Amino acid sequence: MLALIDGNNFYVSCERIFRPDLRGLPVVVLSNNDGCAIARSDEAKALGIKMGAPWFKIQDLQEEAGLVALSANFELYGDISDRMMSLAAGLGHRQEIYSIDESFVDVTGIPGDLVERSRKIRARILQWTGIPSCIGMGPTKTLAKLANAIAKSAERKPGSYPAHHGQICHLGVQSPQELEDLLQATEVGEVWGVGRKIGAQLREGGIHTALDLQRMDPAAAKSGWSVVLEKTVRELNGVPCIAFDEAPRDKQQIASTRSFGHAVTELRDLEEAITEFVCRAAEKLRRQNSQAGQVLVFIRTSPFRKEAQYSKSAVFPLQAPSNDSSSLTEAALAVLHVIYKRGFKYAKAGVMLMDLQPLSRHQFTLDLEPDEPINNPNRIRLMHALDNVNGRYGRGTLNLASAGTAGEHRLWQMKQQRKTPGYTTRWEGLAEVR
DNA sequence: TCTGGGGTCCTAGGACCC
DNA sequence: TCTGGGGTCCTAGGACCC
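The first sequence begins at 1 in the numbering used here and counts up by one.
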């Protein structure tokens, strides 16, 4: 039996911990660059604000409805997430942290009333971190996710489900008839793994509810769509097909990409941005003790603007895998010089490190170059020092020269005009009590 | 004026091999 | 008239997730 614990409107709830004045108000958290809404309070949802709604299209609601918008403060959310996760882990014996606000917990064999136990954990999370959450339980991940969705709807949308499923919903203890009713009351698009496209195709084929999907022939799901949907069908029937992953696995690719605060036309500006992106990505790469075999760089104009469009990416296969910021930057800038075209207004760029492999693996080349910087102990120490300094004194304290200096005005720097302090992660962000 | 970022997995099709 | 069979590996693109 698996439980899925998930924070309600997580980013908004994090902000409300230190801004109790925001409770009861419509609040949204905006994506990087203050671009669009990526988290909404219940009150904001009630105003009809959709997930991903562009800020400039909803900002009138500030005046009209008292909407409050905040810039994303991921440092804060990450820290609150850690606290919530460690409390959620107490529900069972194994935990898989699935995203910043969700974790699966294996509650198989836990004695006693799981619903009661869940209520206690939920109450503890609320009291100790201030984050309201919902818990769903079922014999597979897909059913636990579904239970969680039911728990949320039963609380937020009265009448959608029987009220006693609010906050905690345990599908494992329902009678077959009750289970059928719950699945019948759930739209097929709510099912984990069914997105916009497949949802529309299913509805076209007469499959409208989770119950319809559960009763679908798995072979038909596979031949008509893919093995992914087949697994979903089986999971809805209580057959586990998606593994429980306790230990976070090494990433297979690491990306750093940004939309710019202002359109950028000059190569020099793009060089700065790309350098910074490589350094961010390389830092993550070193943190998981990996090295990259390939570097991808892309630049593109804004598809939303009516002007000349250009979008291009290219890959640089490294002669030997590396996690050295300057080697990777050198490769990335070489790619940039190839794909850059003058005369376009660039809106976004990014770097992806690919073909990742553990540091322990070393591929020897036939034509060893004598001045190969790879594995040079001094370079390794340098990267180590770089990470330590930036870890201690904050990101960007030490940078490669081609990243430019923060003092200069950087057109490409993203906009964040509504950011709350690092309440729990920075001394200067500590709240004062008077 | 203003539309996010970071991932995973699967599939189809091409290149290539014997 | 009639033009094999079986396999692997890689990549690009699509779909999904939060």
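Glycine residues also receive a C-beta, built at the ideal position from the N, C-alpha and C atoms.
These figures come from a predicted structure and were not determined experimentally.
Give the C-beta separation of residue i and residue j to the nearest angstrom, bearing in mind that I take them to be a contact with Cβ-Cβ under 8 Å.
{"i": "glycine 92", "j": "valine 107", "result": "4 Å"}
{"i": "alanine 281", "j": "valine 335", "result": "That pair is no contact at about 14 Å."}
{"i": "leucine 30", "j": "phenylalanine 260", "result": "That belief does not hold up - the Cβ atoms of leucine 30 and phenylalanine 260 are roughly 16 Å apart, past 8 Å."}
{"i": "valine 228", "j": "threonine 209", "result": "That pair is no contact at about 20 Å."}
{"i": "leucine 114", "j": "alanine 147", "result": "Not really, about 11 Å apart at Cβ, beyond 8 Å."}
{"i": "asparagine 323", "j": "glutamine 291", "result": "4 Å"}
{"i": "arginine 124", "j": "leucine 87", "result": "6 Å"}
{"i": "leucine 4", "j": "phenylalanine 104", "result": "6 Å"}
{"i": "valine 233", "j": "proline 248", "result": "The Cβ separation is near 28 Å, so there is no contact."}
{"i": "leucine 267", "j": "tyrosine 340", "result": "5 Å"}
{"i": "methionine 84", "j": "isoleucine 131", "result": "5 Å"}
{"i": "cysteine 36", "j": "proline 54", "result": "5 Å"}
{"i": "asparagine 237", "j": "glutamine 253", "result": "In fact, because the Cβ distance is near 33 Å, the residues do not count as touching under 8 Å."}
In the DSSP assignment, what residue or residues form a beta bridge with residue i?
{"i": "serine 360", "result": "Answer is none; serine 360 lacks a bridge partner."}
{"i": "threonine 257", "result": "Gly350"}
{"i": "isoleucine 207", "result": "Bridge partners of isoleucine 207: none, in fact."}
{"i": "aspartate 6", "result": "Glu102 and Cys134"}
{"i": "phenylalanine 298", "result": "Ser313 and Gly350"}
{"i": "glutamine 291", "result": "Gln357"}
{"i": "arginine 94", "result": "Asp106"}
{"i": "arginine 40", "result": "Val28"}
{"i": "proline 54", "result": "Cys36"}
{"i": "glutamate 155", "result": "The partner list for glutamate 155 (beta bridge, DSSP) is empty, contrary to what the question assumes."}
{"i": "histidine 337", "result": "In the DSSP output, where bridge partners are listed per residue, histidine 337 has none listed."}
{"i": "arginine 262", "result": "Per the sequence shown, the amino acid found at residue 262 is histidine instead of arginine. Paired residue(s): none; histidine 262 is not in a bridge."}
For residue i, collect the residues of the same chain with a Cβ closer than 6 Å to its Cβ; drop the 5 residues on either side in sequence, then sort them by chain order.
{"i": "threonine 397", "result": "Val389 and Asn390"}
{"i": "glutamine 460", "result": "The structure shown does not extend to residue 460, since the chain is modelled only from 1 through 434, so no value can be given for it."}
{"i": "proline 240", "result": "Thr140"}
{"i": "serine 160", "result": "Ser153"}
{"i": "threonine 437", "result": "Any question about residue 437 goes unanswered here, given that the chain covers just 1 to 434."}
{"i": "arginine 94", "result": "Asp106 and Glu246"}
{"i": "arginine 300", "result": "Ser311 and Lys348"}
{"i": "asparagine 415", "result": "Per the sequence shown, residue 415 should be read as lysine rather than asparagine. So the list reads Asn33, Asp34 and Gly261, once near-sequence residues are dropped."}
Here's a check: name, in chain order, each residue in its chain whose Cβ is nearer than 7 Å to the Cβ of residue i, leaving out the five neighbours to either side.
{"i": "glutamine 417", "result": "Asp34 and Ser71"}
{"i": "leucine 22", "result": "Glu15, Arg16 and Val68"}
{"i": "leucine 39", "result": "Just to set this straight, residue 39 is alanine in the shown sequence, not leucine. Correct list, in chain order: Asn9, Phe10, Tyr11, Val12, Val28 and Val29."}
{"i": "glycine 199", "result": "Val188 and Gly189"}
{"i": "lysine 251", "result": "Gln288 and Leu356"}
Taking DSSP as the reference, what is the three-state secondary structure of residue i?
{"i": "leucine 25", "result": "coil"}
{"i": "alanine 165", "result": "First, the amino acid is wrong: residue 165 is histidine here, not alanine. DSSP places histidine 165 in helix when its eight states are reduced to three."}
{"i": "lysine 312", "result": "strand"}
{"i": "threonine 129", "result": "helix"}
{"i": "leucine 318", "result": "strand"}
{"i": "proline 111", "result": "coil"}
{"i": "arginine 249", "result": "coil"}
{"i": "aspartate 387", "result": "helix"}
{"i": "glutamate 64", "result": "helix"}
{"i": "arginine 196", "result": "helix"}
{"i": "alanine 69", "result": "strand"}
{"i": "alanine 243", "result": "coil"}
{"i": "alanine 431", "result": "coil"}
{"i": "lysine 45", "result": "helix"}
{"i": "lysine 306", "result": "coil"}
{"i": "lysine 145", "result": "helix"}
{"i": "alanine 185", "result": "coil"}
{"i": "lysine 231", "result": "helix"}
{"i": "lysine 345", "result": "coil"}
{"i": "lysine 419", "result": "strand"}
Might you give, ordered along the chain, the residues of its own chain that have their beta carbon closer than 8 Å to the beta carbon of residue i, omitting 5 neighbours on each side?
{"i": "cysteine 279", "result": "Ser325, Thr329, Asn399, Leu400 and Ala403"}
{"i": "glycine 24", "result": "Glu43"}
Out of curiosity, what's the CA-to-CA distance linking residue i and residue j?
{"i": "arginine 379", "j": "asparagine 289", "result": "15 Å"}
{"i": "valine 315", "j": "valine 295", "result": "6 Å"}
{"i": "tyrosine 503", "j": "arginine 342", "result": "Residue 503 is absent from the model: the chain starts at 1 and stops at 434."}
{"i": "glutamate 271", "j": "alanine 144", "result": "46 Å"}
{"i": "histidine 165", "j": "aspartate 355", "result": "45 Å"}
{"i": "tyrosine 346", "j": "leucine 211", "result": "47 Å"}
{"i": "arginine 287", "j": "alanine 385", "result": "13 Å"}
{"i": "alanine 446", "j": "methionine 137", "result": "Nothing can be reported for residue 446, as the shown portion of the chain is limited to 1 through 434."}
{"i": "isoleucine 58", "j": "glycine 422", "result": "26 Å"}
{"i": "threonine 257", "j": "lysine 120", "result": "40 Å"}
{"i": "leucine 353", "j": "alanine 263", "result": "25 Å"}
{"i": "alanine 102", "j": "aspartate 6", "result": "Per the sequence shown, the amino acid found at residue 102 is glutamate instead of alanine. Cα to Cα, glutamate 102 sits roughly 4 Å from aspartate 6."}
{"i": "methionine 383", "j": "aspartate 60", "result": "47 Å"}
{"i": "lysine 222", "j": "serine 175", "result": "29 Å"}
{"i": "glycine 293", "j": "glutamate 96", "result": "29 Å"}
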